[in-house]
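Peer 1:
Number of protein chains: 2
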Amino acid sequence: MEVILGISNRHVHLTEDDYHILFGDEELGVVKELVQPGQFSSDKKVSIKTEKRTIDNVRVLGPLRSYTQVEISKTDSFSLGINPPVRNSGDLDGAEIVTIVGPNGEVSKPCCIIANRHLHISPKQRETFDLVGVEKVKVKINSEKTTIFEDVFIKEDPNFTLEVHLDTDDGNGSLAKTGDMVEIIRY
Amino acid sequence: MEVILGISNRHVHLTEDDYHILFGDEELGVVKELVQPGQFSSDKKVSIKTEKRTIDNVRVLGPLRSYTQVEISKTDSFSLGINPPVRNSGDLDGAEIVTIVGPNGEVSKPCCIIANRHLHISPKQRETFDLVGVEKVKVKINSEKTTIFEDVFIKEDPNFTLEVHLDTDDGNGSLAKTGDMVEIIRY
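Going down the list, the protein sequences come from chains A and B.
Numbering that gives the first Met the number 0 puts the first residue of the first sequence at 0, with every later residue one more than the last.
Numbering that gives the first Met the number 0 puts the first residue of the second sequence at 0, with every later residue one more than the last.
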């Protein structure tokens, strides 16, 4: 079973309230539609600040959500001097506190995680590929640095398009890039 | 079979000639002995410069060698705007040109690679672990982001201590760190 790959660079999801603190009354514009229907790369960027360092030009993804979440790589976490937990999106249990800086204001809250590797899938595709009741799969990248990634969590939603998401550490380590076709392996 | 892991951050090996261009008559001092006998982290740092960007504070490893080589991660390569090949140490076929900047001078040459994943082993250990005639192995990291790294090349030398080397992309993606015990798997 082959699936398209998306490499997620560090990015931010925002609630409506936090968005307005950071950007005032500006509209959240679409720069590029993402593979998952309705999701988009926006025209807004923020800085992520800790006591140790600031990373600029971090993209805000749209649309606005019910939670504010900063997703970074382990490499970023060393740079920022923090130790965020590995979590599914929306699970901010134990998330690290960071300050999100926009042109209009700042938001500091425990919202920083390293996102779990995951597979987006619709219920219908899950049946087709015999993955009902399966929590996670493995993903194999064939390259000069061939790698099998375990702990790839299945995220099911009727609107999802079949796609694997890895972060930049995993993508760069295995020499994989967005748009590559990768192999799904059952446990 | 379990082996100790070393994560290699970006670093530089230098010939005696290039060392003197970069550092003049200064002595190459030892800051820390590495696991491989005779190898050490030195007291010297350089900058790695391309047209796009400069990365400062890149450690020179000792002792001096018969070749000058800059080893970086894929993540570094995006930052520097270059596309170095994945190579065993000492194989500079197709290496990218970078400029190494020291306090005394600069050296520009095709010397930049992404190092292959590799296992240091002595001939005796290779026999003990039944790896004679085997070119490469797999390495499994058990973590919240469990990963099996293939294409781990065997490097044999009578002086070697048993140790796996991965770069920071692989280490950070799999949440592994120097000193972890990792599992060797045969193909």
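Cβ coordinates follow ideal geometry from the N, Cα and C atoms, glycine included.
1) For A:Thr146 versus A:Lys154, is the C-beta spacing smaller than 9 angstroms?
2) Cβ of B:Leu129 less than 9 angstroms from any chain A Cβ?
3) What residue from B:Asn141, B:Thr74, B:Cys110, B:Asn8 has the CA that sits closest to B:Val57's CA?
4) Any idea which residues DSSP pairs B:His10 with across the strands?
5) Below 7 angstroms CB to CB, which residues in the same chain sit around B:Ser88 once its five sequence neighbours on both sides are set aside?
6) Select from the segment 64 to 89 of chain A all residues with a C-beta closer than 7 angstroms to any C-beta belonging to chain B, and list them in chain order.
7) Tell me the DSSP bridge mates of B:Glu1?
8) Mind pulling the chain A residues with CB within less than 7 angstroms of B:Asn171?
9) What are the complete alpha helix (DSSP H) segments, minimum 4 residues, inside the segment 86 to 136 of chain A?
10) Mind checking the segment 106 to 132 of chain B against chain A and listing, in chain order, the residues whose C-beta falls within less than 7 angstroms of any C-beta there?
11) I'd like the span of the alpha helix (DSSP H) that includes A:Ile153, first residue to last.
12) Taking the alpha-carbon positions, what's the A:Lys123 to A:Gly101 distance?
13) Assuming the contact rule is C-beta atoms closer than 8 angstroms, B:Ile112 and B:Val97 should be a hit. Round their C-beta distance to whole Å, please.
14) List, in chain order, every chain A residue whose beta-carbon is nearer than 7 angstroms to that of B:Lys144.
15) If you measure from the beta carbon of A:Leu60 to each beta carbon in chain B, is any gap under 9 angstroms?
16) Identify the contact partners of A:Ile184 in chain B, using a Cβ-Cβ distance below 9 angstroms as the criterion.
17) In whole angstroms, what is the alpha-carbon distance linking A:Leu60 and A:Ile71?
18) Using beta carbons (cut-off 9 angstroms, strictly below), is B:Ile54 in contact with chain A?
19) So that I know if they touch, is there some Cβ in chain B lying closer than 9 angstroms to that of A:Leu174?
20) Let me confirm a value: B:Glu50 is counted as buried when at least 16 other C-beta atoms fall within 10 Å, else exposed. Which label applies?
21) So the candidates are B:Asp90, B:Asp156, B:Ser142; which of them puts its Cα closest to the Cα of A:Asp150?
22) A:Phe128 to A:Asp156, Cα distance in whole Å?
23) By alpha-carbon positions, which one of B:Glu95, B:Phe22, B:Val133, B:Phe39 ends up nearest to B:Pro84?
24) Within 10 angstroms of its Cβ, does A:Val133 collect 16 or more other Cβ (buried), or is it exposed?
25) Taking Cβ to Cβ, would you say A:Gly37 is nearer than 9 angstroms to A:Thr177?
26) Going by beta-carbon coordinates alone, are A:Val106 and A:Ile184 separated by less than 9 angstroms?
27) Who are the Cβ neighbours of B:Val11 in its own chain at under 8 angstroms, not counting the five residues just before and after it?
28) Got a sec? Which residues, its chain only, sit under 8 angstroms from B:Ser41 by beta carbon, not counting five neighbours each side?
29) For A:Asn158, does the count of other Cβ atoms within 10 angstroms reach 16, so buried, or fall short, so exposed?
30) What does the Cβ neighbour count give for A:Val181, buried or exposed, with the cut at 16 atoms within 10 Å?
31) Per the DSSP calculation, B:Thr53 is bridged to which residue(s)?
32) Count the other C-beta atoms from every protein chain shown that fall within 10 angstroms of the C-beta of B:Glu162, then say buried if there are 16 or more, exposed otherwise.
33) Please classify A:Glu143: does DSSP put it in a helix, a strand, or coil?
34) Name the residues in the segment 0 to 16 of chain B whose C-beta lies less than 9 angstroms from a C-beta of chain A; which are they?
35) Could you name the residues of chain A that B:Ile153 contacts, counting a contact when the two beta carbons are closer than 8 angstroms?
36) Using only CA atoms, which one of A:His117, A:Leu13, A:Ser65, A:Glu25 lies nearest to A:Ile3?
Peer 2: The short version:
1) 9 angstroms or more divides the Cβ of A:Thr146 from the Cβ of A:Lys154.
2) For clarity, residue 129 of chain B is Asp in the given sequence; the question names Leu instead. Judged by the 9 angstroms Cβ criterion, B:Asp129 is not in contact with chain A.
3) It is B:Asn8 whose Cα lies nearest to the Cα of B:Val57.
4) B:Arg58, B:Glu70.
5) Same-chain partners within the cutoff: Gln68, Ala114.
6) Of all residues in the segment 64 to 89 of chain A, Ser72, Lys73, Thr74, Val85 have a Cβ within less than 7 angstroms of some Cβ in chain B.
7) DSSP lists B:Glu182 as partners of B:Glu1.
8) Those within 7 angstroms of B:Asn171 in chain A are Ser72, Lys73, Thr74, Asp168.
9) Residue ranges of uninterrupted alpha helix (DSSP H) with 4 or more members, entirely inside the segment 86 to 136 of chain A and ordered along the chain, are 122 to 127.
10) For the segment 106 to 132 of chain B, which is checked against every Cβ of chain A, the residues closer than 7 angstroms are Arg116.
11) A:Ile153 -> not in any alpha helix (DSSP H); beta strand (DSSP E) instead, spanning 146 to 155.
12) A:Lys123 and A:Gly101: Cα-Cα distance of roughly 40 angstroms.
13) With a beta-carbon spacing of about 10 angstroms, B:Ile112 and B:Val97 fall beyond the 8 angstroms limit used to define contacts.
14) Per Cβ cutoff of 7 angstroms: Val85, Arg116, Asp150.
15) Residue contact check for A:Leu60 against chain B: no CB pair falls below 9 angstroms.
16) One finds nothing in chain B with a Cβ atom closer than 9 angstroms to the Cβ of A:Ile184; even the nearest lies about 10 angstroms away.
17) The straight-line gap from Cα to Cα measures roughly 13 angstroms.
18) Not an interface residue.
19) Interface criterion met: the Cβ of A:Leu174 is under 9 angstroms from a Cβ in chain B.
20) Burial call: exposed.
21) The closest CA to that of A:Asp150, considering only B:Asp90, B:Asp156, B:Ser142, is found on B:Ser142.
22) If I take the Cα positions, the gap works out to 15 angstroms.
23) Ranked by how close their Cα comes to the Cα of B:Pro84, the residues B:Glu95, B:Phe22, B:Val133, B:Phe39 have B:Glu95 in first place.
24) A:Val133 is exposed by the Cβ-count criterion.
25) A:Gly37 is not a Cβ neighbour of A:Thr177, given a cutoff of 9 angstroms.
26) Result no, Cβ atoms of A:Val106 and A:Ile184 do not sit closer than 9 angstroms.
27) Counting only Cβ-Cβ distances below 8 angstroms, and skipping sequence neighbours, we find Val45, Ile47, Val57, Arg58, Val59, Leu60, Thr67, Gln68, Val69, Glu70, Ile99.
28) In its chain, beyond the 5 residues on either side, Leu27, Gly28, Val29, Val30, Arg58, Val59, Leu60, Gly61 have a beta carbon closer than 8 angstroms to the beta carbon of B:Ser41.
29) Answer is exposed; the Cβ neighbour count stays below 16.
30) Buried, because 16 or more other Cβ atoms sit within 10 Å of the Cβ of A:Val181.
31) Partner(s): B:Lys48.
32) Of the other Cβ atoms in all chains shown, 16 or more fall within 10 Å of the Cβ of B:Glu162; this residue is therefore buried.
33) DSSP, read as helix, strand or coil, puts A:Glu143 in coil.
34) Of all residues in the segment 0 to 16 of chain B, none has a Cβ within less than 9 angstroms of some Cβ in chain A.
35) Within chain A, no residue comes near B:Ile153; the closest Cβ sits about 16 angstroms away, beyond 8 angstroms.
36) Comparing alpha carbon positions, the residue from A:His117, A:Leu13, A:Ser65, A:Glu25 closest to A:Ile3 is A:His117.
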